[in-house]
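Single-structure report; data block below.
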Amino acid sequence: MKQPLLIACDFDGTVTKQDTLVEILDRYGSASWRSVQDQVVAGTLSIREGLRQEMSSVRADLHQLKNLLSERVALDAGFPPFFSRMRNSGIPVVLLSGGFDLCVETVMQRHGLWPVPYLANRLVRDNGSWRVEYPHPSAACDNCGHCKADAVKAWKEQGYFTVFVGNGVTDRCAAEVAGLTFAKDELAAWCATQKIPAVAYATFHDIEADLNRRGWL
Ligand SMILES: [Mg+2]
Ligand SMILES: [Zn+2]
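The working numbering puts the first residue of the sequence shown at 1, with every later residue one more than the last.
So this is what it looks like as structure tokens:
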């Protein structure tokens with residue numbers, strides 16, 4: 001019998017075209033947020049600490065954040081048909097976000113794809129500012145706030161062949177352990193320098209076609 005397939009997808013810039021954190025910080029964050037992010041990408045500041053610093057500078061209420069996300073964030077046009085094909089085939093699709101629960105829920109609701117299974121960090125409003133909580137701490141990794149490798153490893157132990165799709169710095173740990181990784185943008189560049197095998201893609205149409213060719217669908 002063929003091994004069951006499980007698809008784990010990064011959210012920001014992967015399922016979505018825009019990165020929700022970039023949208024929030026560009027509109028409501030401190031002007032210095034890009035230098036914080038540069039340190040995270042360079043590895044001189046942890047993802048966890050970078051996210052905390054970035055979000056603590058955001059001056060917007062819940063209503064403003066939800067409006068911004070609804071206005072600004074579109075999906076990869078290939079994702080909705082991919083998601084419904086997987087769902088109809090009984091193949092689980094889980095979103096692994098290095099961002100926030102609020103962003104995943106708001107965007108997916110807005111695009112009529114709710115509920116979906118996901119794991120993300122939690123954004124909490126606290127005395128007029130935003131605090132990040134990490135409900136999925138990792139024993140193995142103290143860089144990521146939410147280390148996506150933990151979930152991927154657990155699914156592998158359950159017998160799944162894991163496909164991981166990502167684009168950014170929070171996807172590095174998962175790309176190292178997934179059965180098959182699809183990468184674009186910063187993640188693709190990083191996989192190339194680290195010699196981690198990854199298939200280049202532009203949209204979920206490419207992923208669907210590739211999985212077809214491999215005989216998984
Ligand atoms: Mg991303
Ligand atoms: Zn990690």
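For glycine and all other residues, C-beta sits at the position ideal for the given N, C-alpha and C.
Fair warning: this is a prediction, and the values are worked out from it, not measured in the lab.
Closest residue to residue i among the options (Cα-Cα distance)
| i | options | result |
| --- | --- | --- |
| H146 | Q3, D76 and F11 | F11 |
| V152 | F164, F204 and N143 | F164 |
| Q194 | T203, R172 and G179 | R172 |
| F161 | I196, G215, V169 and F204 | G215 |
| G168 | Q158, D38 and A31 | D38 |
| G90 | N212, L5, I207 and D185 | L5 |
| I24 | F204, T170 and L68 | L68 |
| V22 | V94, F100 and A149 | F100 |
| V104 | G179, D126 and T20 | T20 |
| S30 | R52, T16, V177 and V15 | R52 |
| P48 | D61, L123 and L211 | Sequence check: residue 48 is Arg here, not Pro. It is L123. |
Status (buried if at least 16 other CB within 10 Å, exposed otherwise) for residue i
| i | result |
| --- | --- |
| E133 | exposed |
| W226 | Absent from the structure is residue 226, since the part of the chain shown begins at 1 and ends at 217. |
| G13 | buried |
| N121 | buried |
| A189 | exposed |
Distance cut-off 8 Å: residue i Cβ against heavy atoms of ligand 2
| i | result |
| --- | --- |
| S138 | yes |
| R52 | no |
| A8 | no |
| C103 | no |
DSSP bridge partner residues for residue i (one or two, in chain order)
| i | result |
| --- | --- |
| L96 | D10 and L119 |
| S129 | D126 |
| G90 | In DSSP, G90 forms no bridge with anything. |
- Residues with a Cβ closer than 7 Å to any heavy atom of ligand 1, in chain order? Environment of ligand 1, chain-ordered: D10, F11, D12, G13, T14, D19, G98, G166, N167, G168, T170 and D171, taking every residue with Cβ within less than 7 Å of a heavy atom.
- Query: Relative to ligand 2, what is the chain-ordered list of residues with a Cβ closer than 5 Å to any of its non-hydrogen atoms?
  - Reply: Here the residues close to ligand 2, judged by CB distance below 5 Å to any of its heavy atoms, are C141, C144, C147 and C173 in chain order.
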